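Asks: First to last, the sequence lines map onto chains F and X.
So for the first sequence, our numbering puts the first residue at 1; every next one is plus one.
So for the second sequence, our numbering puts the first residue at 77; every next one is plus one.
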Amino acid sequence: MRGRALAIALSMGAAVLAGCGEKPQTLDAKAKGPDAAPWAASASSPFYAADWKGGDKAAWEAQIRTRNQGQNDYAR
Amino acid sequence: MARMKFICDAERCIECNGCVTACKAENNVPWGVNRRRVVTLNDGVAGEKSISVACMHCSDAPCMAVCPVDCFYRTDEGVVLHDKDVCIGCGYCSYACPFGAPQFPTNGEFGLRGKMDKCTFCAGGPEANGSDAENAKYGRNRLSEGKLPACAEMCSTKALLGGDGDVVADIFRTRVLNRGKGSEVWGWGTAYGKPVQTSMAAPTEVKK
Numbered sequence: 001m002r003g004r005a006l007a008i009a010l011s012m013g014a015a016v017l018a019g020c021g022e023k024p025q026t027l028d029a030k031a032k033g034p035d036a037a038p039w040a041a042s043a044s045s046p047f048y049a050a051d052w053k054g055g056d057k058a059a060w061e062a063q064i065r066t067r068n069q070g071q072n073d074y075a076r
Numbered sequence: 077m078a079r080m081k082f083i084c085d086a087e088r089c090i091e092c093n094g095c096v097t098a099c100k101a102e103n104n105v106p107w108g109v110n111r112r113r114v115v116t117l118n119d120g121v122a123g124e125k126s127i128s129v130a131c132m133h134c135s136d137a138p139c140m141a142v143c144p145v146d147c148f149y150r151t152d153e154g155v156v157l158h159d160k161d162v163c164i165g166c167g168y169c170s171y172a173c174p175f176g177a178p179q180f181p182t183n184g185e186f187g188l189r190g191k192m193d194k195c196t197f198c199a200g201g202p203e204a205n206g207s208d209a210e211n212a213k214y215g216r217n218r219l220s221e222g223k224l225p226a227c228a229e230m231c232s233t234k235a236l237l238g239g240d241g242d243v244v245a246d247i248f249r250t251r252v253l254n255r256g257k258g259s260e261v262w263g264w265g266t267a268y269g270k271p272v273q274t275s276m277a278a279p280t281e282v283k284k
């Protein structure tokens, strides 16, 4: 009987002291990072450049080069 | 692989703020936030120069280095982006940035700041390319549409060049050679590092 009371008292004490502990504050959220490469095909976008379709890396790079030359008034 | 960079040609910029307007319209940038702005040096003095300034997507970005929650990342194209779900709006990046790029929308009373907002090189954010969620948080993802940033493509005098670093540098070099002046590219060295001079005639160490 006495041992049982002691066990109950100890467990209650442990439960009370548990409230004094600290919550973990580790940083677990990280930047998700890039979702997909820009040339990856997404749902058919109405905003795709007129002469380009998504899904081809080489075509995307060629498209970007072409658009870049649009800024070059010595090449027009 | 293209390495995206901006160049602003101060000889051509006429301070029209077309780039600022294009950016705000394309990305639905709210009042009080300017991802891009035009800065005029020696304003009102003969020979004044204007440059269009935004995030330069630095090679060694100081904002990435100081962010306490690590919300920045760099894409394979060299575009420095951030995740607004992770940003806590502390403002460290704005102190670290040499271009004043990070912007903070006023979000409530007592000067409470919202999540940081900055130029994305029209490349959106971590959400799916072209999705509504990406558009709402970061604006248009023009790169994934096969286009370049709206500010550069809309520039009426083609002062602001944006795109593959090698290509825009070539365009700028051609201009400078043709006009014979105005070779200064303000911010280029700060953002992308000083060019390394390698000379064939460099003195060799003589063994004794």
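Yeah, the Cβ is synthetic: ideal placement off N, Cα and C, and Gly gets one too.
Note that this is a predicted model, so its numbers are computed, not measured.
Which of the three DSSP states, helix, strand or coil, is assigned to X:T196?
Replies: Mapped onto the second sequence, residue 196 of chain X falls at position 120. Coil at X:T196, not helix or strand.
Asks: Using the Cα positions of F:C20 and F:A5, report the straight-line distance between them to the nearest angstrom.
Replies: Along the first sequence, read from residue 1 onward, the residue named residue 20 of chain F stands at position 20. Along the first sequence, read from residue 1 onward, the residue named residue 5 of chain F stands at position 5. Whole-angstrom Cα-Cα distance: 23 Å.
Asks: List, in chain order, every chain B residue whose beta-carbon is nearer than 8 Å to that of F:R67.
Replies: The structure shown contains no chain B; its protein chains are F and X.
Asks: Could you tell me which of X:T182, X:C139, X:G187, X:K194 sits nearest to X:Y171, measuring between CA atoms?
Replies: Working through the second sequence from its first residue, we reach residue 171 of chain X at position 95. With distances taken between Cα atoms, X:Y171 lies closest to X:C139.
Asks: Spatial neighbours of F:D56 within its chain, please: C-beta separation below 8 Å, excluding the five flanking residues on both sides.
Replies: What you label residue 56 of chain F is simply residue 56 of the first sequence in a count that begins at 1. Answer for F:D56: W39, listed in chain order.
Asks: I'd like to confirm the pairing. Which residues does DSSP put opposite X:L117 in its beta bridges?
Replies: If you number the second sequence from 1, residue 117 of chain X lands on position 41. Beta-bridge pairing links X:L117 to X:K125.
Asks: What number of angstroms, rounded off, separates the C-alpha of X:C166 from the C-alpha of F:S11?
Replies: Within the second sequence, residue 166 of chain X is the residue found at index 90, counting from 1. Within the first sequence, residue 11 of chain F is the residue found at index 11, counting from 1. Roughly 43 Å between the two C-alpha positions.
Asks: Candidates X:G215, X:A212, X:S126: which alpha carbon is nearest X:G263's?
Replies: If you number the second sequence from 1, residue 263 of chain X lands on position 187. Among X:G215, X:A212, X:S126, the Cα nearest to that of X:G263 is on X:S126.
Asks: The stretch 197-219 of chain X: which residues have C-beta closer than 9 Å to a C-beta of chain F, in chain order?
Replies: Only A199, G200, G201, P202, E203, A204, N205, G206, S207, E210, R216, N217, R218, L219 from the stretch 197-219 of chain X bring a Cβ to less than 9 Å from some Cβ of chain F.
Asks: Mind checking if X:V156 is an interface residue toward chain F, Cβ cutoff 8 Å exclusive?
Replies: On the second sequence, residue 156 of chain X is found 80 positions in, with the first residue counted as 1. Not an interface residue.
Asks: Would you kindly work out how many angstroms separate the C-alpha atoms of F:A102 and F:A18, rounded to a whole number?
Replies: Given a span of 1 to 76 for chain F in the structure shown, any question on residue 102 of chain F remains unanswerable.
Asks: Residues bridged to X:K81 by DSSP?
Replies: For the purposes of this step, residue 81 of chain X is taken as the residue at position 5 of the second sequence. Paired residues: X:G239.
Asks: From the DSSP secondary-structure annotation, give me the bridge partner or partners of X:T97.
Replies: Residue numbering aside, residue 97 of chain X sits at position 21 when the second sequence is read from its first letter. In the DSSP output, where bridge partners are listed per residue, X:T97 has none listed.
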